[in-house]
Amino acid sequence: MPELLESYGNVKIMEGESGQIPYYISLTPELTEDERRVISDSRDFVGDYNQIKAELDKIHTSIGKEEYLREYLQQRLIERNVTPENLEYVTSSIMDELFLGYGRLGPLMRDEQLEEIMVNGVNTPVFVVHRRHGMCITNLTYDSHGPLEDFIHWLSNYAGRELNEANPLLDAHMPDGSRANVAIAPAAPYGPAVTIRKFKRVPFTVLDLIEFGSLSPELAAFLWVCVEGFGLSPIDIIIAGGAGSGKTTLMNALAMFIPKTERVVTVEDTLELNFEFIDNWVPMEASPSVITPEHRLSMHSLLKNSLRMRPDRVIVGEVRGSEAETLFVAMDIGLDGSMGTLHANNARETTIRLMDEPMNVPLRMMPLLNLIVVTNRIFDRKKGMLRRVTQVSEVSGIEGDVVQLGDIFYHDLNNDVIKRTDYPILLTERIAKECGITKKRLNTELLIREKVLKYMMAKGIRGHNDVLKFFHLYHQDPKLILSELKEGGSLNNIA
Ligand SMILES: Nc1ncnc2c1ncn2[C@@H]1O[C@H](COP(=O)(O)OP(=O)(O)OP(=O)(O)O)[C@@H](O)[C@H]1O
Ligand SMILES: [Mg+2]
Numbered sequence: 120m121p122e123l124l125e126s127y128g129n130v131k132i133m134e135g136e137s138g139q140i141p142y143y144i145s146l147t148p149e150l151t152e153d154e155r156r157v158i159s160d161s162r163d164f165v166g167d168y169n170q171i172k173a174e175l176d177k178i179h180t181s182i183g184k185e186e187y188l189r190e191y192l193q194q195r196l197i198e199r200n201v202t203p204e205n206l207e208y209v210t211s212s213i214m215d216e217l218f219l220g221y222g223r224l225g226p227l228m229r230d231e232q233l234e235e236i237m238v239n240g241v242n243t244p245v246f247v248v249h250r251r252h253g254m255c256i257t258n259l260t261y262d263s264h265g266p267l268e269d270f271i272h273w274l275s276n277y278a279g280r281e282l283n284e285a286n287p288l289l290d291a292h293m294p295d296g297s298r299a300n301v302a303i304a305p306a307a308p309y310g311p312a313v314t315i316r317k318f319k320r321v322p323f324t325v326l327d328l329i330e331f332g333s334l335s336p337e338l339a340a341f342l343w344v345c346v347e348g349f350g351l352s353p354i355d356i357i358i359a360g361g362a363g364s365g366k367t368t369l370m371n372a373l374a375m376f377i378p379k380t381e382r383v384v385t386v387e388d389t390l391e392l393n394f395e396f397i398d399n400w401v402p403m404e405a406s407p408s409v410i411t412p413e414h415r416l417s418m419h420s421l422l423k424n425s426l427r428m429r430p431d432r433v434i435v436g437e438v439r440g441s442e443a444e445t446l447f448v449a450m451d452i453g454l455d456g457s458m459g460t461l462h463a464n465n466a467r468e469t470t471i472r473l474m475d476e477p478m479n480v481p482l483r484m485m486p487l488l489n490l491i492v493v494t495n496r497i498f499d500r501k502k503g504m505l506r507r508v509t510q511v512s513e514v515s516g517i518e519g520d521v522v523q524l525g526d527i528f529y530h531d532l533n534n535d536v537i538k539r540t541d542y543p544i545l546l547t548e549r550i551a552k553e554c555g556i557t558k559k560r561l562n563t564e565l566l567i568r569e570k571v572l573k574y575m576m577a578k579g580i581r582g583h584n585d586v587l588k589f590f591h592l593y594h595q596d597p598k599l600i601l602s603e604l605k606e607g608g609s610l611n612n613i614a
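Sequential numbering from 120 applies to the sequence shown in our numbering.
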């Protein structure tokens, strides 16, 4: 009998049989005859559909829209005697079918524990990637073409793009911020494939990443100083890593260290970064849904334009082409603290990819980049899928035609810990000099910040807003935080 691995809400996850991947079961509660009818005739039940749509159009956030709908539907469902235990399920089913466009994927879209949802066609199970159990096979299937085509039609409609034989591929942004990729025939000859990278409504913070072991407190403290740069001299960083290794997540978490007073412009192909906590933030998107594929904006032109928007720093979601050089130009003209993510497996490969076609960053510009942080997905037999920062390398200059790199942190695979190497961190000298402090003072600051992070961990300060408030408070009035640490007797005791 396969073992039950986990159960929550309407979800059960069972161990896979004989070495197979786990089985993710989305349970349907037992519904009364009347409840089933309400769901199947939901369009009649809702009645004034257009009027509700008009109300929804007035609300601008997807969370706001969902709240409005939920309240509206629940009132009517209570009048229809829907049982309290099934109220949530019936409400969600109607929302998924009529308003949100998710159809039968609704329960998966709402499960925050899922990273990805994969539909491979009709009569074949839907797969998911679960945060704790990795790839799972689900009990959900599209057993006829109609509902899957409806879903895809809705996606392309929402993205404002046609999907047909001539244009069989689509990258779309969903209302909740998730990113969907659709491939239909002839590109996907065996049926439409839909891959959804789910948007995490509440992004992971640096504290979450420390808790998972993706960062160590020492490394997080170092990155804190690098990104914040005392408001004077933040450093330029590329986050590199393989597909799905956690680059965007780390970038989002590090952005919480950006001083509150700065103006930040982000440039992405499809919006993913979520810097709502920065007051003066301008997100820019190269493939917005209102523009046809032929008229897409290039990342390069967007980034060039962003330099005229008087940013304090620019951040590029994924550096792929000629925008790379523009990012280096930004670093060159003093937009310190500029950052980008890039697909590469290690620091050396990052420098090679940056200088090769199609990025073409000239060798002489490479030292403008200060730091390369590499993320990786590692599979551990006992712990399952892990995401770790596996290498942090500083760019120390060029010799001949080779970029000089120095590894300052690495991931010790045997013990699963992130360690400092013996290599001296040259960057600290630069930061200290530009911020007008001694190197000793800077090293003390690094130790203090490590303790602050450990204090936050120990105190369970984990909520998104609380973490942010704590960082801002530290930037405004470090003495206050330090006295809090001392009063708790914790400053010296936190080992
Ligand atoms: N350190 C982490 N620990 C646990 N889960 C993580 C971590 N980092 C990212 N994730 C999760 O992994 C998934 C992929 O993360 P993310 O989008 O950041 O990767 P990426 O490297 O930017 O991917 P891509 O190459 O597709 O752009 C997301 O669901 C995210 O929530
Ligand atoms: Mg990414």
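Here a beta-carbon is modelled for each residue, glycine too, at the ideal position from N, C-alpha and C.
Since this is a predicted model, take the numbers as computed values, not measurements.
query: Which value, in whole angstroms, describes the spacing of the CA atoms of leucine 338 and threonine 563?
result: The residue labelled residue 338 in the question sits at position 219 within the sequence shown. The residue labelled residue 563 in the question sits at position 444 within the sequence shown. Those two C-alpha atoms are separated by around 14 Å.
message: Please report the distance separating the alpha-carbon of leucine 565 from that of serine 352.
response: On the sequence shown, residue 565 is found 446 positions in, with the first residue counted as 1. On the sequence shown, residue 352 is found 233 positions in, with the first residue counted as 1. If I take the Cα positions, the gap works out to 15 Å.
field: Burial state of asparagine 533 (16 or more Cβ within 10 Å)
entry: One-based indexing of the sequence shown puts residue 533 at position 414. Answer is exposed; the Cβ neighbour count stays below 16.
query: histidine 583 CB to nearest chain D CB: under 8 Å?
result: Absent from the structure is chain D; it holds one protein chain and no more.
- request: Pull up the distance between the alpha-carbon of valine 130 and that of threonine 314, whole angstroms please.
  value: Residue numbering aside, residue 130 sits at position 11 when the sequence shown is read from its first letter. Residue numbering aside, residue 314 sits at position 195 when the sequence shown is read from its first letter. Whole-angstrom Cα-Cα distance: 21 Å.
Whole-angstrom distance between arginine 189 and lysine 177, CA atom to CA atom: On the sequence shown, residue 177 is found 58 positions in, with the first residue counted as 1. On the sequence shown, residue 189 is found 70 positions in, with the first residue counted as 1. Distance between the alpha carbons of lysine 177 and arginine 189 is about 16 Å.
query: Which residue comes first and which comes last in the beta strand (DSSP E) that contains glutamate 404?
result: The sequence position of residue 404 within the sequence shown is 285, counting from 1. Segment 399 to 404, the beta strand (DSSP E) holding glutamate 404.
query: Per the contact definition of three or more C-beta pairs closer than 8 Å, is the region 493 to 509 in contact with the region 417 to 424?
result: Output reads no: the region 493 to 509 does not touch the region 417 to 424.
query: Quick one: does the C-beta of arginine 472 sit closer than 7 Å to a heavy atom of ligand 1?
result: Counted from its first residue, the sequence shown places residue 472 at position 353. False, no ligand heavy atom lies under 7 Å from that Cβ.
message: DSSP three-state label for aspartate 388, please.
response: As a position in the sequence shown, residue 388 is number 269, starting the count at 1. Three-state result, aspartate 388: coil.
- request: Less than 8 Å between the CB atoms is what I'm expecting for isoleucine 384 and methionine 403, so what's the real figure, rounded?
  value: The sequence position of residue 384 within the sequence shown is 265, counting from 1. The sequence position of residue 403 within the sequence shown is 284, counting from 1. The question names isoleucine, but residue 384 in the sequence shown is valine. Right, the Cβ-Cβ distance comes to about 6 Å (below 8 Å), so this counts as a contact.
message: Check for me: the alpha helix (DSSP H) holding tyrosine 191 runs from which residue to which?
response: Taking the sequence shown and counting its residues from 1, the one referred to as residue 191 is at position 72. Here the alpha helix (DSSP H) through tyrosine 191 covers 181 to 198.
query: Which first and last residues belong to the alpha helix (DSSP H) in which glycine 265 is found?
result: Taking the sequence shown and counting its residues from 1, the one referred to as residue 265 is at position 146. Taken as a continuous stretch (DSSP letters only), the alpha helix (DSSP H) holding glycine 265 covers 264 to 278.
field: As assigned by DSSP and simplified to three states, the class of serine 126
entry: Counted from its first residue, the sequence shown places residue 126 at position 7. The three-state reading of DSSP puts serine 126 in strand, counting E and B together.
message: Here's the rule I'm using: 16 or more other beta-carbon atoms within 10 Å means buried, otherwise exposed. How should threonine 210 be labelled?
response: By 1-based counting over the sequence shown, the position of residue 210 is 91. With 16 or more other Cβ atoms within 10 Å, it is buried.
message: Per the DSSP calculation, glutamate 235 is bridged to which residue(s)?
response: Here residue 235 corresponds to residue number 116 of the sequence shown, with the count starting at 1. Answer is Val248, Arg316.
- request: Can you give me the Cβ contacts of alanine 614 inside the same chain, cut-off strictly under 6 Å, excluding the 5 residues immediately before and after it?
  value: Position 495 of the sequence shown, counted from the first residue, corresponds to residue 614. Low confidence applies here, because alanine 614 scores a pLDDT of 32, under 50, leaving its location unreliable and the question unanswered by this model.
task: Would you check whether ligand 2 has a heavy atom nearer than 7 Å to the C-beta of lysine 366?
output: In the sequence shown, the residue the question calls residue 366 occupies position 247. Yes, ligand 2 has a heavy atom inside 7 Å of this Cβ.
task: Mind checking who tyrosine 143 pairs with in its DSSP beta bridge?
output: Here residue 143 refers to the residue found at position 24 of the sequence shown. Bridge partners of tyrosine 143: Ile132, Thr257.
task: Return the CA-CA distance between methionine 237 and valine 245, expressed in angstroms with no decimal places.
output: Counting from one through the sequence shown, the residue named residue 237 turns up at place 118. Counting from one through the sequence shown, the residue named residue 245 turns up at place 126. Going by the C-alpha atoms only, they are around 6 Å apart.
message: At a threshold of 7 Å, does threonine 460 count as lining ligand 2 (C-beta to nearest heavy atom)?
response: Within the sequence shown, residue 460 is the residue found at index 341, counting from 1. Answer for threonine 460: yes, Cβ within range of ligand 2.
- prompt: If you follow the beta strand (DSSP E) that valine 536 is part of, which residue opens it and which one closes it?
  reply: Locating residue 536 in the sequence shown gives position 417, counting from the first residue. Run containing valine 536: 536 to 539, per the beta strand (DSSP E) assignment.
query: Can you tell me where the alpha helix (DSSP H) with asparagine 205 in it begins and where it stops?
result: Translated into the one-based positions of the sequence shown, residue 205 becomes position 86. Where asparagine 205 is concerned, the enclosing alpha helix (DSSP H) stretches over 203 to 213.
- request: Please classify glutamine 194: is it buried, with 16 or more other beta-carbons within 10 angstroms of its beta-carbon, or exposed?
  value: The residue labelled residue 194 in the question sits at position 75 within the sequence shown. So glutamine 194 counts as exposed.
field: Three-state class that DSSP yields for arginine 581 in the structure shown
entry: Residue 581 sits at position 462 when you count from the first residue of the sequence shown. Residue state for arginine 581 is assigned as coil, using DSSP reduced to three classes.
message: Quick check: is any heavy atom of ligand 1 less than 7 Å from the C-beta of serine 335?
response: Walking along the sequence shown from the start, residue 335 turns up at place 216. Not under cutoff, so the answer is no.
query: Between tryptophan 273 and phenylalanine 164, what straight-line distance do the alpha-carbon atoms span, to the nearest angstrom?
result: Reading the sequence shown from its first residue, position 154 is the one you call residue 273. Reading the sequence shown from its first residue, position 45 is the one you call residue 164. Approximately 22 Å, taken between the alpha carbons.
field: Three CB pairs or more closer than 8 Å across the region 325 to 341 and the region 566 to 579
entry: Taking a cut-off of 8 Å for Cβ pairs, the region 325 to 341 and the region 566 to 579 touch, as three or more such pairs fall below it.
- prompt: When you compare only the Cα positions, how much space is there between leucine 227 and serine 145?
  reply: As a position in the sequence shown, residue 227 is number 108, starting the count at 1. As a position in the sequence shown, residue 145 is number 26, starting the count at 1. Between leucine 227 and serine 145, the C-alpha separation is close to 8 Å.
task: Report buried or exposed for lysine 558, applying the criterion of at least 16 other Cβ atoms within 10 angstroms of its Cβ.
output: Translated into positions along the sequence shown, residue 558 becomes position 439. Around the Cβ of lysine 558, a 10 Å sphere holds fewer than 16 other Cβ atoms; the residue is exposed.
- request: Examine ligand 1 and report whether any of its heavy atoms sits within less than 7 Å of the Cβ of leucine 227.
  value: Along the sequence shown, one-based indexing puts residue 227 at 108. Set against 7 Å, the gap from the CB of leucine 227 to the closest heavy atom of ligand 1 is not smaller.
task: In angstroms with no decimal places, state the Cα-to-Cα distance between asparagine 642 and leucine 150.
output: The question about residue 642 has no answer, for the chain in this structure spans 120 to 614.
query: Looking at C-alpha atoms only, which residue of Phe447, Leu282, His179, Ser126 is the closest neighbour of glutamate 232?
result: Position 113 of the sequence shown holds residue 232. The sequence as given places glutamine at residue 232; glutamate does not occur at that position. For glutamine 232, the nearest C-alpha among the options comes from Ser126.
Contact the region 155 to 171 vs the region 212 to 221: 3+ CB pairs below 8 Å: yes
query: Is there at least one non-hydrogen atom of ligand 2 closer than 7 Å to the beta-carbon of glutamate 513?
result: Within the sequence shown, numbered from 1, the residue matching residue 513 stands at position 394. Incorrect: glutamate 513 has no Cβ contact closer than 7 Å to ligand 2.
query: Where alanine 374 and glycine 525 are concerned, what is the direct C-alpha to C-alpha distance, given to the nearest angstrom?
result: Translated into the one-based positions of the sequence shown, residue 374 becomes position 255. Translated into the one-based positions of the sequence shown, residue 525 becomes position 406. Taking the straight line joining both Cα atoms gives about 24 Å.
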